[in-house]
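Below is one structure, written out as structure tokens, with a few remarks after it.
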Amino acid sequence: MNTVQVIAIEGLPLSKKGDNVGQLIVNAIKKQGIQLQERDIIVVTHVFVSKAEGNIINLDTVIPSKRALEIAMQTNKDPALVEVILQEAKEVVRVGPNSIITETKSGTISANSGVDRSNVLGERNVVPLPKDPNKSAQNIREEIKRLTGFSIAVIVSDTHGRPFRMGEINVAIGVAGIKPIRDRRGEKDLFGYTLRIKQTAIADELASAAELVMGQADEGIPAAIIRGYTVYQTVENASTTELSRPKEKDLFR
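Here is the structure:
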């Protein structure tokens, strides 16, 4: 039977600077009475990871630049928040009403450079994405393997909107131990036709599946285990960069 389970990791505390994310996850799994298994996939939110890495900014300490002030006027956003968004960005892709779409320094295209205000203590505190989400995922993976002996995959997730669809979904912004795209080109379909363009963004699909039990706002569940999806390719130098469409092939920029 082909069965995939998505298991919420309950009892995780609010993360704080200096926390060992891998250890927190392992401890919570044990308290929950769950046995981690080889090739499980851990999905964890970027906010949980960023706070543990000390990546929190108080907007009262930020001095907006001239450009930030101009964009703040266009978007009706806090100028200090706009300045943080610009500092996290490699390129501003689009500016619209209440919307700033950027490419972050780590290569992710998202609204507001992924800077988050939810699940953060302090009204003026915001949490940017981890500086290197793939490295963050790798650190968590290595720590979990050290503590348990199991080789698992890790996905750091974030919530993203989409150009032509309403509502947000979770996507992968960092991966470790899992190739984020399953390339099925060259395989045959049910009628014997050769697949020519089939490449599935499995890391994004897994991140979205995990969000169903992690939720948002008051649920307080920042991580989940995905079990049973074992067809993924294990790679030691995984990166979400291959999920980003090359700029020359991007029809929206």
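Here my numbering is used: the sequence shown runs in plain steps of one and ends on residue 649.
The beta-carbon is built from N, C-alpha and C at its ideal position, and this holds for glycine as well.
Where residue 566 is concerned, the enclosing beta strand (DSSP E) starts and stops at 561-572.
In this structure, DSSP gives residue 510 a helical state, which the three-state scheme calls helix. Here DSSP, grouped into helix, strand and coil, assigns residue 520 to coil. Burial is judged here by how many other beta carbons sit within 10 angstroms of a residue's own beta carbon; residue 472 has fewer than 16 and is exposed.
A Cβ-Cβ distance of about 16 Å is found for the pair residue 632 and residue 532, leaving them out of contact under the 8 Å criterion. If the five residues before and after residue 624 are omitted, its C-beta is found closer than 7 Å to the C-beta atoms of 399, 400, 401, all from its own chain and listed in chain order.
In this chain, residue 435 is not harboured by any alpha helix (DSSP H), its DSSP state being neither H nor E. Assigned with DSSP and collapsed to three states, residue 620 falls in strand.
Nearest C-alpha to residue 530 among 416, 511, 571: 571. Under DSSP, no beta-bridge partner is assigned to residue 537. Straight-line spacing of the CA atoms in residue 452 and residue 525 works out to 10 Å.
Residue 446: member of the alpha helix (DSSP H) spanning 442-448, first to last residue. Considering only 498, 475, 616, the residue with the shortest C-alpha distance to residue 517 is 616.
For residue 554, there is no enclosing alpha helix (DSSP H); the enclosing beta strand (DSSP E) covers residues 549-558. Taking the CA atoms as reference points, residue 576 sits about 20 Å from residue 618. By the beta-carbon neighbour count (other beta carbons within 10 angstroms, threshold 16), residue 510 is buried. Judged by DSSP in its simplified three-state form, residue 404 adopts strand. Here the stretch 477-490 makes no contact with the stretch 408-421; the two share fewer than three CB pairs at distances below 8 Å.
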